[in-house]
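Asker: For the sequence shown, my numbering gives the first residue as 79, with consecutive numbering after it. Note that the Cβ used here is the ideal one computed from N, Cα and C, for glycine as well.
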Amino acid sequence: MQESWLHLSVQIGAADLDALANFLIEQGAPGVVMKRRGMEAYFRRSAGEAALKQSIKRFVGGVEKLHRRGATARLKWRVLGAANWHDSWRRFIKARRVGKSFWVTPPWLTPPKFRARQVITLEPGLAFGTGTHATTRGCMEFIEQVADALRDREFTVLDVGTGAGILAIVAVKLGAQAVYAIDNDPVALAVARENFAANDAAGRVQLSGANLTGIRKKFSVVVANVTAETIIELAAGLDKRVSPKGFLILSGILPHKADVVLRCFQKTFRVVRQKRGREWATLLLQRKT
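1) Using a 10 Å radius around the Cβ and a threshold of 16 neighbouring Cβ atoms, would you call residue 277 buried or exposed?
2) Does the separation of the CB atoms of residue 242 and residue 212 fall below 7 angstroms?
3) Under a three-way DSSP split, which group does residue 132 fall into?
4) Would you call the region 326-345 and the region 181-196 in contact, with 3 or more CB pairs under 8 angstroms?
5) Is it true that the CB of residue 233 sits closer than 7 angstroms to the CB of residue 327?
6) Identify whether residue 318 lies in helix, strand or coil by the three-state DSSP scheme.
7) Is residue 363 near residue 273, with beta carbons less than 7 angstroms apart?
8) Output the distance between the C-alpha atoms of residue 226 and residue 342, rounded to the nearest integer angstrom.
9) Ignoring anything shorter than 4 residues, give me the alpha helix (DSSP H) runs that lie fully in the region 280-351, in order along the chain.
10) At a cut-off of 6 angstroms, would you count residue 333 as near the ligand COA, judging by its Cβ distance to the nearest heavy atom?
11) Here's the rule I'm using: 16 or more other beta-carbon atoms within 10 Å means buried, otherwise exposed. How should residue 329 be labelled?
12) With distances taken from CA atoms, which of 231, 105, 139 is nearest residue 89?
13) Under the rule that 16 or more other beta-carbon atoms within 10 Å means buried, what is residue 239, buried or exposed?
14) If you measure between the beta carbons of residue 155 and residue 86, is that distance less than 7 angstroms?
15) Rounded to the nearest angstrom, how far is the Cβ of residue 171 from that of residue 111, given a contact under 8 angstroms?
16) Leaving out the 5 sequence neighbours to the left and right, which residues in its chain are closer than 6 angstroms to residue 258 when beta-carbon positions are compared?
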């Protein structure tokens with residue numbers, strides 16, 4: 079008997095997206111699709127689906143109350159047969175232009191022929207950073223900018239919390255002489271390793287599960303697309319890893335927390351650019367000396 083699947087659609091605030099995504103994966107979703115105002119997830123149907131639905135409902139209610147003291151999230155469930163669940167998943171994953179240099183695509187889509195754009199092929203998995211999220215796009219565009227600024231200087235990159243590895247791949251394709259990528263999630267490391275191989279970057283990125291404190295080198299570019307809380311916690315370590323006149327790219331930051339993050343670096347860095355949308359902020363800083 080062929081298995082069928084449950085499709086979950088959740089509309090929820092940006093502040094709760096990352097926590098909900100992690101929770102859904104812990105509950106058995108093979109992955110999640112981040113959308114502008116929510117996400118999609120799939121679960122294999124089983125005898126425990128009633129308990130699954132109740133658990134997710136409780137979790138969503140809990141995070142809503144924590145951040146906004148009221149429940150506004152909307153959950154919609156539907157059943158998909160075995161024949162169409164895979165196509166339903168894939169239809170949410172689109173190829174897209176990012177910045178001036180890149181076309182990011184899943185492997186089942188054939189990219190157009192470009193004169194200048196470079197193609198990055200990513201298999202959506204259990205890690206985030208597939209080029210569709212605003213934080214990833216902001217970081218990619220800022221890496222492009224600093225790569226141009228460093229054209230006649232050393233261009234080395236440390237990607238902190240690499241996830242699916244896309245920012246490290248971007249650095250390689252823009253000509254970085256050395257790229258290090260670290261993450262403390264074994265699933266993310268596995269996904270990143272596969273994506274490096276698919277994009278001819280496997281031998282050009284040093285991938286590690288090391289903590290930031292275990293990295294001793296300095297880099298002309300350090301990028302951390304994580305959360306504001308993690309950036310604040312790692313602020314001293316991030317500062318130490320940026321070489322003189324080097325750049326620091328920070329994202330995964332809710333707009334109302336951006337100024338708090340900036341205060342952690344104001345003594346040693348100047349603000350070069352900021353991208354602040356309604357839901358996310360991405361910061362480009364340069365060391366003053």
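Answerer: Taking the definition as stated:
1) buried
2) no
3) helix
4) no
5) no
6) helix
7) no
8) 27 angstroms
9) 306-319, 336-341
10) As presented, the structure is devoid of all ligands, the ligand COA included, so that no description of it is given.
11) buried
12) 139
13) buried
14) yes
15) 7 angstroms
16) 236, 284
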